[in-house]
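Chemist: Starting off with a structure, shown below.
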Amino acid sequence: MTARPTGLDLDALAVGDVVVEKDYRLTRDTLVRYAGASGDFNPIHYRDDVAASVGLPGVLAHGMLTMGLAVQPVVEAVGDPGRVTDYQVRFTRPVVVDPAEGVSVTVSAKVGALFPDESSARVDLTVTVGGTTVLGKAQVRVDLA
Amino acid sequence: MNPAIEGREFPPVAPYLVGREKVREFARAVLATSPLHLDPEAARAAGYADVVAPPTFAVVIQEATLAQLLAEPDAGIDFSRVVHGDQRFTFGRPIVAGDELTATLRVASVKSLGAHSMVTAETTVTDPDGAHVVTAVSTLVVRGDE
Numbered sequence: 000m001t002a003r004p005t006g007l008d009l010d011a012l013a014v015g016d017v018v019v020e021k022d023y024r025l026t027r028d029t030l031v032r033y034a035g036a037s038g039d040f041n042p043i044h045y046r047d048d049v050a051a052s053v054g055l056p057g058v059l060a061h062g063m064l065t066m067g068l069a070v071q072p073v074v075e076a077v078g079d080p081g082r083v084t085d086y087q088v089r090f091t092r093p094v095v096v097d098p099a100e101g102v103s104v105t106v107s108a109k110v111g112a113l114f115p116d117e118s119s120a121r122v123d124l125t126v127t128v129g130g131t132t133v134l135g136k137a138q139v140r141v142d143l144a
Numbered sequence: 000m001n002p003a004i005e006g007r008e009f010p011p012v013a014p015y016l017v018g019r020e021k022v023r024e025f026a027r028a029v030l031a032t033s034p035l036h037l038d039p040e041a042a043r044a045a046g047y048a049d050v051v052a053p054p055t056f057a058v059v060i061q062e063a064t065l066a067q068l069l070a071e072p073d074a075g076i077d078f079s080r081v082v083h084g085d086q087r088f089t090f091g092r093p094i095v096a097g098d099e100l101t102a103t104l105r106v107a108s109v110k111s112l113g114a115h116s117m118v119t120a121e122t123t124v125t126d127p128d129g130a131h132v133v134t135a136v137s138t139l140v141v142r143g144d145e
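Heads up: the protein sequence lines correspond to chains A and B, in order.
For the record, in the first sequence the residue sitting at position 26 is 25 according to numbering that gives the first Met the number 0, with numbers rising by one throughout.
For the record, in the second sequence the residue sitting at position 24 is 23 according to numbering that gives the first Met the number 0, with numbers rising by one throughout.
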C-alpha cells in the first residue's frame with residue numbers, strides 16, 4: 000500500500016463521539032437497482048401483491064440493501080472502504096417502501112470503542128425509519144493505522 | 000429442520016471472478032460514493048490493484064453457498080419460511096476487481112427456539128493462493144408452524 004489516507008484520527012476520537020449522520024431516501028427504483036446488482040430477485044422487494052399475499056405491510060427494502068447503505072457514512076468518514084475490517088448487523092424490523100413516497104432511512108454513526116493497540120475503532124450505527132430502529136447490534140470495525 | 004447438518008461442510012462453489020463493472024454497479028446500488036469503488040485510477044493511487052468492492056459486496060459471492068444449503072435435500076429448510084436474522088463480514092483484506100474467489104460453506108450451528116429453528120452458516124472466501132479474503136456469517140431463522 001502507498002498512500003492510505005484516513006479522515007478519522009484515532010487520537011482525536013472519544014467513545015460516544017458522533018462521527019457522522021446521514022439520511023438516505025429509498026424508493027422502489029432503489030430496490031429494483033439493488034435487486035439487479037445483487038441478484039436478489041425475491042418479489043417481496045418489488046411486488047405489492049406478493050408482499051401482501053405473505054402478510055407483509057408492503058414491499059420491503061432488502062435487508063442487505065439497508066446493511067449496505069448504513070456503512071457508507073463510515074466509509075466516507077474513513078475515506079477508504081478497505082479500512083472496514085468487520086461489519087455486522089441484526090435485522091430487527093422491516094423497512095417498508097411506499098410506492099409513491101419511498102422512505103427515509105437515517106444513519107447515525109457513533110464511536111463505540113477504541114483499540115489503540117490495534118490502531119482500530121468500533122463504530123456503532125443507529126439506523127432508524129421514522130424514529131424506530133430497524134437494525135440491531137450494527138457495528139463496524141475500522142482500521143485507522 | 001434437521002439438527003444433524005450442524006458441522007457439515009459443503010464442497011466449494013465454482014470460483015467467482017470479480018468484475019470492475021459489477022463492483023461499480025453494486026456500489027451505486029448501495030448508494031456508495033467513494034471514488035475507490037468507481038475510479039480505477041483513484042483505487043490505484045490508494046494502493047489497490049483496481050476498484051475496491053463495498054464491504055457488503057461479499058454477499059454476492061456468499062449467495063451461491065447459501066443456495067447450496069437451502070437446496071440440501073436432508074436439511075429440511077423451507078425457503079418460504081426463511082427470514083434473514085443477522086449478517087456479519089470479517090475481512091482478511093478488501094475485495095478488488097480482478098479477484099477470483101472461492102467460497103466454502105460450513106454449517107456452524109443449528110438451534111431450535113420453540114417452534115422456530117436458527118441455522119448459522121459460515122462461508123469462507125479465499126483467493127487462488129488459498130489466502131483468507133472474507134468470512135461471511137449469516138443466521139437464518141426458519142419459522143415453524145404458527
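The C-beta atom is built at its ideal place from N, Cα and C for all residues, glycine as well.
Would you check if the stretch 34-53 of chain B and the stretch 105-118 of chain B touch, i.e. whether three or more CB-CB distances between them fall below 8 Å?
Modeler: Because the criterion of three Cβ pairs below 8 Å is not met, the stretch 105-118 of chain B and the stretch 34-53 of chain B do not touch.
Chemist: Tell me the rounded alpha-carbon separation between phenylalanine 74 of chain B and glycine 129 of chain B.
Modeler: What you label residue 74 of chain B is simply residue 75 of the second sequence in a count that begins at 1. What you label residue 129 of chain B is simply residue 130 of the second sequence in a count that begins at 1. Just to set this straight, residue 74 of chain B is alanine in the shown sequence, not phenylalanine. Distance between the alpha carbons of alanine 74 of chain B and glycine 129 of chain B is about 28 Å.
Chemist: Are the C-beta of alanine 36 of chain A and some C-beta of chain B separated by less than 7 Å?
Modeler: Here residue 36 of chain A corresponds to residue number 37 of the first sequence, with the count starting at 1. Cβ-Cβ to chain B under 7 Å: yes for alanine 36 of chain A.
Chemist: Along the beta strand (DSSP E) that carries valine 96 of chain A, what are the first and last residues, could you check?
Modeler: Within the first sequence, the letter at position 97 stands for residue 96 of chain A. Here valine 96 of chain A belongs to no beta strand (DSSP E), and DSSP marks it neither H nor E.
Chemist: Just to confirm my understanding: we take glycine 81 of chain A, look at its own chain, exclude 5 residues before and 5 after, and list those with CB closer than 7 Å. What are they?
Modeler: Reading the first sequence from its first residue, position 82 is the one you call residue 81 of chain A. Same-chain partners within the cutoff: there are none.
Chemist: Taking the alpha carbon of valine 12 of chain B as the reference point, which residue from B:Ala3, B:Gln61, B:Ser33 has its own alpha carbon closest?
Modeler: Here the question's residue 12 of chain B lines up with position 13 in the second sequence. Of B:Ala3, B:Gln61, B:Ser33, the residue nearest in Cα terms is B:Gln61.
Chemist: Quick one, are the C-beta atoms of alanine 57 of chain B and alanine 135 of chain B less than 7 Å apart?
Modeler: Stepping through the second sequence from its first residue, residue 57 of chain B is reached at position 58. Stepping through the second sequence from its first residue, residue 135 of chain B is reached at position 136. Their beta carbons are under 7 Å apart, which means alanine 57 of chain B touches alanine 135 of chain B by this criterion.
Chemist: Name, going along the chain, the residues of the stretch 50-75 of chain A whose beta-carbon falls closer than 7 Å to a beta-carbon of chain B.
Modeler: Here the close residues are Gly62, Met63, Leu64, Met66, Gly67, Leu68, Val70, Gln71, Val74, Glu75.
Chemist: Looking at the secondary structure, which residues open and close the alpha helix (DSSP H) in which phenylalanine 25 of chain B lies?
Modeler: Here residue 25 of chain B refers to the residue found at position 26 of the second sequence. Counting along the chain, the alpha helix (DSSP H) containing phenylalanine 25 of chain B begins and ends at 19-28.
Chemist: Helix or strand or just coil, what does DSSP make of aspartate 123 of chain A?
Modeler: Here residue 123 of chain A refers to the residue found at position 124 of the first sequence. In this structure, aspartate 123 of chain A counts as strand in the three-state DSSP scheme.
Chemist: Beta carbon of arginine 80 of chain B: closer than 6 Å to some heavy atom of the ligand ZN?
Modeler: Looking at this structure, you won't find the ligand ZN or any other ligand, since it has none at all.
Chemist: Going straight from the alpha carbon of isoleucine 43 of chain A to that of proline 56 of chain A, what length do you get?
Modeler: As a first step, residue 43 of chain A must be located in the first sequence, where it is residue number 44. As a first step, residue 56 of chain A must be located in the first sequence, where it is residue number 57. C-alpha separation (whole angstroms): 10 Å.
Chemist: Please state the DSSP three-state secondary structure of serine 33 of chain B.
Modeler: Stepping through the second sequence from its first residue, residue 33 of chain B is reached at position 34. Serine 33 of chain B falls in the coil class under three-state DSSP.
Chemist: For a test of the three-state rule: what should DSSP assign to methionine 117 of chain B, helix, strand or coil?
Modeler: The residue labelled residue 117 of chain B in the question sits at position 118 within the second sequence. Strand, per DSSP.
Chemist: With a threshold of 7 Å between beta carbons, is tyrosine 45 of chain A in contact with chain B?
Modeler: Looking up residue 45 of chain A in the first sequence gives position 46. False, the Cβ-Cβ gap to chain B never drops below 7 Å.
Chemist: Have a look at the DSSP bridge pairing and note the partners of leucine 139 of chain B.
Modeler: Counting from one through the second sequence, the residue named residue 139 of chain B turns up at place 140. In the DSSP output, where bridge partners are listed per residue, leucine 139 of chain B has B:His83, B:Val118.
Chemist: Please classify valine 141 of chain B: is it buried, with 16 or more other beta-carbons within 10 angstroms of its beta-carbon, or exposed?
Modeler: Working through the second sequence from its first residue, we reach residue 141 of chain B at position 142. The residue is buried, with at least 16 neighbouring Cβ atoms inside 10 Å.
Chemist: So, are the CB atoms of proline 34 of chain B and alanine 26 of chain B less than 7 Å apart?
Modeler: Translated into the one-based positions of the second sequence, residue 34 of chain B becomes position 35. Translated into the one-based positions of the second sequence, residue 26 of chain B becomes position 27. No, these two residues do not count as a Cβ contact at 7 Å.
Chemist: Is serine 111 of chain B helix, strand or coil when you go by DSSP?
Modeler: Against the second sequence, residue 111 of chain B aligns to sequence position 112. If DSSP states are grouped into helix, strand and coil, serine 111 of chain B belongs with the strands.
Chemist: Let me make sure I understand the geometry here. Which of B:Thr32, B:Arg92, B:Gly18 has the alpha-carbon closest to that of glutamate 99 of chain B?
Modeler: Counting from 1 along the second sequence, the entry for residue 99 of chain B is found at position 100. With distances taken between Cα atoms, glutamate 99 of chain B lies closest to B:Gly18.
Chemist: Measuring CB to CB, does threonine 64 of chain B end up less than 7 Å from leucine 104 of chain B?
Modeler: Counted from its first residue, the second sequence places residue 64 of chain B at position 65. Counted from its first residue, the second sequence places residue 104 of chain B at position 105. Yes, the pair counts as a contact, with Cβ atoms nearer than the cut-off.
Chemist: Tell me the DSSP bridge mates of tyrosine 15 of chain B?
Modeler: Residue numbering aside, residue 15 of chain B sits at position 16 when the second sequence is read from its first letter. Its beta-bridge partners are B:Leu100.
Chemist: To the nearest angstrom, how far is it from the Cα of glycine 101 of chain A to the Cα of leucine 113 of chain A?
Modeler: Start at 1 with the first residue of the first sequence, and residue 101 of chain A comes out as number 102. Start at 1 with the first residue of the first sequence, and residue 113 of chain A comes out as number 114. About 36 Å.
Chemist: Under the DSSP definition of a beta bridge, which residues are partnered with aspartate 22 of chain A?
Modeler: As a working note, residue 22 of chain A is residue 23 in the first sequence. DSSP lists A:Thr105 as partners of aspartate 22 of chain A.
Chemist: Note down the Cα distance separating arginine 80 of chain B from threonine 101 of chain B, rounded to an integer number of angstroms.
Modeler: Within the second sequence, residue 80 of chain B is the residue found at index 81, counting from 1. Within the second sequence, residue 101 of chain B is the residue found at index 102, counting from 1. In a straight line, the C-alpha of arginine 80 of chain B is about 28 Å away from that of threonine 101 of chain B.
Chemist: Could you give the first and the last residue of the continuous alpha helix (DSSP H) run that contains aspartate 16 of chain A?
Modeler: Locating residue 16 of chain A in the first sequence gives position 17, where the first residue counts as 1. From DSSP, aspartate 16 of chain A is part of no alpha helix (DSSP H); its letter is neither H nor E.
Chemist: Taking the Cβ atom as the reference point for each residue, do serine 118 of chain A and leucine 143 of chain A lie within a distance shorter than 7 Å?
Modeler: On the first sequence, residue 118 of chain A is found 119 positions in, with the first residue counted as 1. On the first sequence, residue 143 of chain A is found 144 positions in, with the first residue counted as 1. Yes.
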